[in-house]
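Encoded as structure tokens, the structure appears first; notes follow it.
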Amino acid sequence: YPKNGVLDGKGTKQRLTVRAKYSDGTDRDVTSLAYFSTNNETSAAVSQDGMISAGSRGESFIMARFDTHTVGSHFITLPKGFEFKWSNPAANNYVDELMNAKFLKLRMNPSELCSDDEFLRRVSLDVCGVLPTVEEYEKFVADTDPKKREKKVDELLGRKEFVEMWVMKWSELLTIRSSQQVSYKSMLLYYNWLQERVANNMPMDQLVQELLSSKGGTFANAATNYFQNETDTLKVSENVAQVFMGMRIQCAQCHNHPFDRWTMDDYYGFAAFFSQIGRKRGEDPRETIIFNSNRGEVQHLVDKRAMKPKFLGGEEPETKGKDRREVMAKWLASADNPYFAKNLSNIVWAHFFGQGIISDVDDVRVSNPAVNPELLDELGKKFGEYNFDFKKLVRDICVSRTYQLSTKTNETNAADSKNFSHAKLRRLRSEILLDTISQVTETKNKFRGLPVGARAVQIADGNTSTYFLTAFGRAARETVCSCEVKMEPNLSQALHLLNGQTLQSKIAAGALIARRLKDKKAPEEIIDELYIRCFTRKPNVEEKKKLMDVVGASENKQQMLEDVFWALLNSREFLFNG
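Residue numbers for the sequence shown follow the numbering used here, so the first one is 93 and each next one is one higher.
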């Protein structure tokens, strides 16, 4: 105690109190026995007697550890006598209401709304992984309906590209790839199983329960490939905790987690749910049969005792005569599990903002708090109320004012990097980047197992890649870690775009410029179209003048316009979404 607070100026002191409540009903002050730490020494330092000393402006999370338990309190440090005028921004829904409450606490005004051009590009790339066409751009800009942004979100949510985007995201979480354990045929069946359920908008709790309790042949019931991808009992339990609850419990395998609540008993108790998975060969030697063997226990590392199955942070259920995985799956993907809905909500949020409310999304722990816990709780609550229909959750996020904020900052939020008070520039992920280059150049790709013209987001196998996709950080799906998708720009990417064959060959193969010149289009019109195709906007007066000066002075108009096209595709404005 206190649970949170605002520290007014450097040097301000705040005393903390730690109380322990025991199972016999007693309550004891254990402040002198607790160990204190802070995640931001610059804003709030804490001594081992529980005294906070305020520093420079910022946020901090003060933690107290006693026995195997760690808890924390959130503090905001402001400059002494800080003057602030609240802009009182509008709220489109509960997302904005809870974000505005946090901004007000921080004495921070959010940015203004982005332009229609910026919104159209941003939401098209985020929801469907495509750029708006020239026709879509002109229609959206001409629309005077004040609800046109909401209408655009609804339209995008109904497109097949939305399904393809989230099948790709889930394929990474479920590590869908061919390997020595999983044949290419099994992998493809597994991918098709996932695609069918996402396309039919199956509630996520049902999908996860079906997956984690699956049994039968890896051909006949493709969901069973989840337990063939990884066959080590402990690793399976770690993956389930990390993907579906956002928890990295690996640390508790050999000692109690120093910065979280999980003990070795918790770790091995959860692993016991997966100790009775049986595997045998099917009639086809490429197929494996997954079944409940009704035998096999997990032993505690220290004292070798057989561990009873126990929900993480919950009770020991009755599993005698039952398939342990079915018991676990029914609890995991339900409202009884406080982590499931919030974790999936956080994953969805991170997709649209470039970082989670808890970041990284699969590193949920006491010592890594949510930047807005009230919002995360509400998103999880709404997700449950929507019967785990994540399409509705996506809509809530995309129609919010918070999602539609500009990247331009103001004097109060210029230093903010984690509270979502302004939009962040995000590099397009590898599959989307290749698809958009192909889209604007009107060229087609060929990937293994897919027809000519298929999109990179449709690639089923984590093992199928190209130099371009690998260079730009496509996940190999070898682990469930969110870090597998690399979004950071690097030198090899820049060199490939500048000197590699991808852009040059696609511009030549698509012959867009040659076709427009053949149709008697003026260079000025072609430049306008290129800008709309690549940036979802028209060039400004200065850009237009400079380009027309160069193109007008050239004898080879086609070559010069192709150079302009190449330059636009190499620009930061094309490579980033914001």
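For glycine and all other residues, C-beta sits at the position ideal for the given N, C-alpha and C. The structure presented is a predicted model; accordingly, all values stated were derived computationally and were not measured.
In this structure, Lys636 lies near Ile619, with their beta-carbon atoms less than 8 Å apart. A Cβ-Cβ contact shorter than 8 Å links Ser216 with Leu248. For the pair of segments examined, the stretch 279–288 was found to touch the stretch 312–325: the number of CB pairs separated by less than 8 Å reaches three. CA-to-CA, the gap between Arg540 and Thr556 works out to about 7 Å. In the DSSP assignment, Tyr283 falls within the alpha helix (DSSP H) that extends over Tyr276 to Ala291. Taking every protein chain shown into account, the CB of Ser663 has fewer than 16 other CB atoms within 10 angstroms, so this residue is exposed. Distances from the CA of Leu99 to each of Glu379, Ile168 and Asn648 were compared; the closest alpha carbon is that of Ile168. With respect to Arg487, Ala182 sits apart: the two C-beta atoms are not nearer than 8 Å. Shortest Cα-Cα distance from Ala156 to any of Phe351, Leu280 and Asn537 involves Phe351. The beta carbons of Met339 and Val456 sit closer together than 8 Å. If you look at Gln298, you'll find it in the alpha helix (DSSP H) that goes Met296 to Leu304.
Straight-line measurement puts the Cα of His514 at about 25 Å from the Cα of Gly147. The beta carbons of Ile381 and Ile369 sit about 11 Å from each other, so the pair does not count as a contact at 8 Å. Within the same chain, Glu523 and Val549 come within 7 Å of Met260 by CB-CB distance, once the 5 residues on both sides are set aside. Between the stretch 322–331 and the stretch 292–311 there are fewer than three C-beta pairs closer than 8 Å, too few to call the two in contact.
Within a 10 Å sphere around the beta-carbon of Trp178 sit fewer than 16 other beta-carbons, which makes this residue exposed.
Residues of the same chain with a CB within less than 7 Å of the CB of Cys220, apart from the 5 flanking positions on each side, are Leu248, Arg251, Glu253, Phe254 and Met257 in chain order. If you ignore the 5 residues before and after Ala291, its C-beta comes within less than 6 Å of the C-beta of Val255, all in its own chain and listed in chain order. Looking at the DSSP output, Glu503 bridges to nothing. The C-beta distance from Leu404 to Phe362 rounds to 5 Å, short enough to fall under 8 Å.
By DSSP's assignment, Tyr127 forms a beta bridge with Arg157.
DSSP lists Asn96 and Phe153 as the beta-bridge partner residues of His166.
The same chain holds no residue with a CB closer than 6 Å to that of Pro94 once the five nearest residues on each side in sequence are set aside. Taken atom to atom, the span from the alpha-carbon of Lys277 to that of Ile551 is near 14 Å. Per DSSP, the continuous beta strand (DSSP E) segment holding Gly370 begins and ends at Ile369 to Arg373. Buried is the label assigned to Val532, since at least 16 other Cβ atoms lie within 10 Å of its Cβ.
Contact check for Glu654 and Ile605: beta-carbon distance about 5 Å, within the 8 Å limit, so the pair qualifies.
Counting every other CB atom within 10 Å of its CB across the protein chains shown gives Arg241 a total of 16 or more, marking it as buried. When C-alpha distances from Gly173 are compared across Gln140, Lys102 and Ser207, the shortest belongs to Lys102.
By the Cβ criterion, the stretch 405–424 is not in contact with the stretch 388–396, since fewer than three pairs of Cβ atoms, one from each stretch, lie closer than 8 Å.
Of the residues assessed, Pro202 falls on the buried side of the cut-off, its CB having 16 or more other CB atoms within 10 angstroms. Looking at the DSSP output, Ser145 bridges to Lys105 and Ala137. In this model, Gly142 and Asp159 are separated by some 16 Å (Cα to Cα). Only residues of its own chain outside the window of five on either side were considered, and among them Ala364, Phe365, Thr411 and Arg416 have a CB closer than 6 Å to the CB of Pro401, listed in chain order. As summarised for the stretch 504–569, the continuous alpha helix (DSSP H) elements at least 4 residues long and confined to that stretch are 522–533 and 559–563, given in chain order. Within 10 angstroms of the beta-carbon of Glu210 lie 16 or more other beta-carbons, which makes it buried.
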